[in-house]
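There are 2 protein chains.
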Amino acid sequence: MAATIKDIAKKVGVSPSTVSRVINGTASISEETKRKIHQAMKELDYHPNSFARSLVNGNTFIIGLVIDAGNSDSFSNAFFVRSVSAIETVAQTKGYNVLITNDSSSENNNAVKNLVLERKVDGIILPVQCMTQELVELMLNHQIPFVVMGEPEQHNQKIFWIDMDNAEGARLAVEHLLSQNYKCPILLAESQETIFEKKRSAGYIEVCRRHQIAHPMVFACDSDEKVRVLTEQIASGAVQADSVICANNIIAFKVLRALKNKGINVPESIGIIAFDNYPLAEYLEPALSVVDIDTYKLGEQAANILFGQIRDKQVTPSSALIPTQIIARESTGK
Amino acid sequence: MAATIKDIAKKVGVSPSTVSRVINGTASISEETKRKIHQAMKELDYHPNSFARSLVNGNTFIIGLVIDAGNSDSFSNAFFVRSVSAIETVAQTKGYNVLITNDSSSENNNAVKNLVLERKVDGIILPVQCMTQELVELMLNHQIPFVVMGEPEQHNQKIFWIDMDNAEGARLAVEHLLSQNYKCPILLAESQETIFEKKRSAGYIEVCRRHQIAHPMVFACDSDEKVRVLTEQIASGAVQADSVICANNIIAFKVLRALKNKGINVPESIGIIAFDNYPLAEYLEPALSVVDIDTYKLGEQAANILFGQIRDKQVTPSSALIPTQIIARESTGK
DNA sequence: GAGAGAACTGCAAACGTTTGCACAGAGGAA
DNA sequence: TTCCTCTGTGCAAACGTTTGCAGTTCTCTC
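Those protein sequence lines, which keep their order, are chains A and B.
Numbers given in the working numbering equal positions in the first sequence, counted from 1, plus 4.
Numbers given in the working numbering equal positions in the second sequence, counted from 1, plus 4.
The structure is reproduced here in structure tokens:
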């Protein structure tokens with residue numbers, strides 16, 4: 005039903021090629037013809053068929069965005085939405101659309117492979133958790149640009165990536181605590197296995213060393229029980245600490261609750277600062293100080309890096325660390 | 005570079021049509037030929053080109069999902085992510101992909117129009133806030149199925165929609181408070197303008213009437229100042245209330261904080277229950293009781309309704325209300 | 001007033017599929 | 001034997017674009 009290039013050609017009395025050339029501005033066409041064609045396009049409500057286009061010129065103007073549903077806990081959510089929104093906005097301004105795919109709902113990366121093999125997307129943005137060796141090879145083989153969100157463990161590959169500056173965030177957190185007259189911060193992480201936790205630990209340790217803090221310590225808080233034990237040790241003095249840096253917000257909430265239950269004052273006796281500016285942080289009592297990151301910018305930059313490859317044929321792998329900043333609230337206001 | 009149907013045909017020694025028929029199972033083909041073709045497909049690593057396909061058979065196997073970036077506050081986030089994930093999962097099982105578009109980043113619904121006019125998506129899911137008259141007409145004209153997330157104000161159109169059962173949620177909240185021996189619940193909403201707030205009000209009023217509660221009251225809490233004034237009035241007895249139902253979580257947090265600052269005990273003196281199970285609700289003190297909704301199911305059902313139109317050619321408008329449930333925590337444990 | 005380029009336009013092939021039509025051969029039924 | 005129905009396959013057109021090549025007309029330049 006929809007008008008095609010041929011309908012316009014017929015109506016104006018030119019060949020389809022001429023119409024195509026007017027649409028794409030790909031040759032010099034007399035003003036008169038241009039005018040008529042544009043008018044006919046209006047009248048017939050013409051819109052180019054993107055498939056026919058893709059078929060001949062080989063690119064689809066679609067990028068794929070892999071979302072990690074396995075990780076759909078609420079903490080990746082806030083991060084996620086603004087990033088997605090940013091990616092889509094950037095894509096739109098460049099004339100691209102964004103196809104999302106849920107990695108975990110299919111075995112074996114099949115959904116992502118489908119993007120490459122059948123949908124022929126022009127590029128892919130994917131979270132580091134979804135980056136399998138097989139997938140990387142597939143994308144490299146098919147020469148399809150991709151950007152990884154989150155720093156990969158090994159840097160031995162030609163991979164473009166982007167991440168928040170975890171190490172810097174940890175450094176800033178320690179500096180902040182010291183500036184508030186805390187003397188002995190410890191770091192609480194969920195485990196020590198993910199790269200971002202390693203980076204945070206490293207940043208923490210580095211600043212502690214620099215300031216000659218006696219015993220920098222990193223604790224694994226991967227269960228409620230551990231949190232309970234730890235707060236008891238802090239209370240009894242078995243663990244020397246006057247402040248904690250929590251590698252994520254949920255740990256912070258648990259610790260805060262445990263401390264209050266023990267009658268330990270926050271921020272007077274113990275200061276708390278957490279990673280990720282989870283929106284409710286400011287409604288806690290005391291309001292939680294956090295290491296914040298601009299998730300919109302994160303997505304925006306990821307998209308920019310991708311389009312650097314797609315459009316500007318940039319080929320030397322680049323990476324970017326999005327700066328973090330401290331939002332000081334009551335929980336570190338000794 | 006990628007292998008085409010012709011390459012396979014050549015390799016096996018049949019015509020492209022035969023290969024196509026084997027792929028689509030659209031005619032009877034001898035077992036022998038089938039076997040050879042399948043083998044050749046493996047060897048050449050063949051994957052059908054979705055564009056060429058779409059070009060001839062008219063459907064794209066892509067659905068559009070409009071996201072409302074204007075509303076990217078954290079409270080729609082949690083809702084959003086799980087819904088999106090659900091929609092994508094359903095789509096994937098039906099062989100469809102999901103194209104997202106950010107409505108607000110373009111003027112005049114242009115981005116969404118683009119989905120219809122150029123991308124030729126087979127269906128669209130969009131939030132009710134993005135549903136303009138113009139868009140509805142466009143989609144109807146082009147006979148492209150769509151599902152609205154959120155109940156539209158007017159029902160005079162042939163529109164498929166889905167929503168959480170706001171009225172029922174409010175009813176359950178009142179019933180819950182009464183069962184906990186609160187006698188006089190009031191409702192706090194941000195405004196009275198959105199349809200979901202109206203529904204919640206209606207459900208609240210209805211149950212109050214049924215239980216002959218003296219003065220059912222709905223307050224607009226659209227600023228911190230109003231929250232402050234209201235809590236003072238509650239404290240002084242100027243407003244008679246022993247419990248509040250908050251139309252969203254942020255109001256709940258503000259009220260809780262204001263009450264505590266006034267030294268009013270929750271849940272002993274005032275009970276609080278809020279809509280939306282925001283993940284941190286359980287970490288507040290006291291842990292917040294909420295009206296919960298299964299956002300995954302919401303997305304899942306939206307997708308199912310859409311595919312009902314796309315694949316089963318269902319044509320009589322349907323709608324669905326996703327049931328809510330009470331999660332009782334400390335804040336209503338008088 | 002001839003030759004050269006520039007400006008403008010058309011023809012037809014190509015992109016990778018699907019599908020209506022046709023046809024050959026096989027296997028019965030009459 | 002003749003006719004009919006199936007099964008299996010190929011031919012060629014079609015989907016809506018883009019684009020290399022070639023052709024025509026026009027405008028200079030000498």
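Glycine residues also receive a C-beta, built at the ideal position from the N, C-alpha and C atoms.
query	result
Residue range of the unbroken beta strand (DSSP E) whose run includes L69/B	66-71
Residues near D126/A by beta carbon distance below 8 Å, same chain, minus five either side	N63, T64, F65, I66, I67, Y100, I148, P149, I314
As assigned by DSSP and simplified to three states, the class of G173/A	helix
Below-8 Å beta-carbon distance, F279/B vs any chain A residue	no
Which residues DSSP lists as bridging Q329/A, in chain order	D296/A
Contacts around S352/B, its chain only, beta-carbon distance under 6 Å, and the 5 residues preceding and following it disregarded	With chain B running from 5 to 338 in the structure shown, residue 352/B is simply not present.
V270/B and S335/B closer than 8 Å at C-beta	yes
Endpoints, the alpha helix (DSSP H) within which P156/B is located	Per DSSP, P156/B belongs to no alpha helix (DSSP H) and is neither H nor E.
Helix, strand or coil at D228/B according to DSSP, with G and I counted as helix	helix
Cβ contact check for the region 286-306 of chain A and the region 317-332 of chain B: 3 or more pairs under 8 Å	no
Start and end residues, alpha helix (DSSP H) containing G207/A	199-214
Option in C188/B, G173/B, P290/B, T8/B with minimal Cα separation from A56/B	T8/B
Min CB distance P20/B to chain A below 8 Å	no
Under 8 Å between C-beta atoms of I91/B and G303/B	yes
Buried versus exposed, by CB contacts within 10 Å (16 or more), S21/B	exposed
Beta carbon proximity, I104/B to chain A, threshold 8 Å	yes
C-alpha gap between Q133/B and N106/B, whole angstroms	12 Å
Inter-residue Cα distance where the pair is K117/A and V102/B	15 Å
Extent of the continuous alpha helix (DSSP H) run through P20/B	20-28
Buried or exposed by the 16-neighbour rule on C-beta atoms within 10 Å, applied to S227/A	exposed
Simplified DSSP assignment, three categories, for G4/A	Residue numbering for chain A in the displayed model covers 5 to 338; residue 4/A lies beyond these limits and cannot be assessed.
Closer than 9 Å at the beta carbon, the chain B residues around A193/A	Here the premise fails: no neighbours, minimum Cβ distance about 19 Å.
CA nearest to the CA of S54/A, picked from E122/B, L176/B, I199/B, R39/B	E122/B
Reduced DSSP category for K338/A - H, G, I as helix; E, B as strand; rest coil	coil
Span of the alpha helix (DSSP H), counted from its first residue to its last, around V259/B	253-265
Closer than 7 Å at the beta carbon, the chain A residues around F84/B	V85
Candidates A278/B, Q43/B, K10/B, of which the one nearest E194/B by Cα	A278/B
Same chain, Cβ closer than 7 Å to S183/B, neighbours up to 5 away in sequence not counted	none
Rounded C-alpha distance that separates V283/A from S293/A	Note on identity: in this sequence residue 283/A is Pro, with Val being the wrong assignment. Cα to Cα, P283/A sits roughly 12 Å from S293/A.
I104/A to L69/A span [Cα, whole Å]	5 Å
Three-pair Cβ contact test at 8 Å for the region 214-222 of chain B versus the region 177-192 of chain B	yes
Assigned secondary structure, G99/B (DSSP; H/G/I helix, E/B strand, else coil)	coil
Rounded C-alpha distance that separates A239/B from F84/B	37 Å
Closer than 8 Å to chain B by CB, P271/A	no
Proximal residues of chain A, C-beta to C-beta of L121/B below 7 Å	H51
CA-to-CA distance, T37/B to M45/B, given in whole angstroms	12 Å
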